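Structure, as structure tokens:
Below, the structure is given as structure tokens:
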């Protein structure tokens with residue numbers, strides 16, 4: 006169990022309207038006495054209900070607004086001479 010000082014809950018909002026919730030914990034890469042070895046863990050997905058519950062309980066929370074442009078989608082053209090055909094290995 007983590008204390009309120011060693012865990013944070015993150016909410017990321019995107020212009021698309023999508024919202025993602027994560028939990029991060031302080032971890033060590035050496036020992037707890039070596040402060041230089043402390044870092045936040047990789048974000049782990051959580052539910053909105055968990056985020057709101059922990060926020061109400063007084064845990065550290067962060068709200069991030071991510072302002073990225075949407076991904077560009079490229080259509081790839083299939084130049085295979087066998088397009089639409091089913092090939093069985095070993096047949097000629």
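In the working numbering, the protein residues as written are 6 to 97. We put the CB at the ideal spot given by N, CA and C, even for glycine. Just so we're clear, the structure is a prediction, and the values are computed from it rather than from any experiment.
Using the three-state DSSP reduction, which class does residue 44 fall into: helix, strand or coil? Three-state DSSP puts residue 44 in a strand.
Are three or more beta carbon pairs between the segment 50-65 and the segment 16-32 nearer than 8 Å? yes
Those runs of the alpha helix (DSSP H) which lie wholly inside the segment 30-76 and span at least 4 residues: Listed in chain order, the complete alpha helix (DSSP H) runs (minimum 4 residues) inside the segment 30-76 are 53-61.
Buried or exposed for residue 80, please, with buried defined as at least 16 other CB atoms from any protein chain shown within 10 angstroms of its CB. Residue 80 is exposed by the Cβ-count criterion.
Quick check: what's the CA-CA separation for residue 71 versus residue 16? 10 Å
Identity of the residues DSSP links to residue 26 by a beta bridge: 16
If we ignore side chains and look at the alpha-carbon of each, how far apart do residue 54 and residue 82 end up? 44 Å
Taking buried to mean at least 16 other C-beta atoms within 10 Å of its own C-beta, is residue 13 buried or exposed? buried
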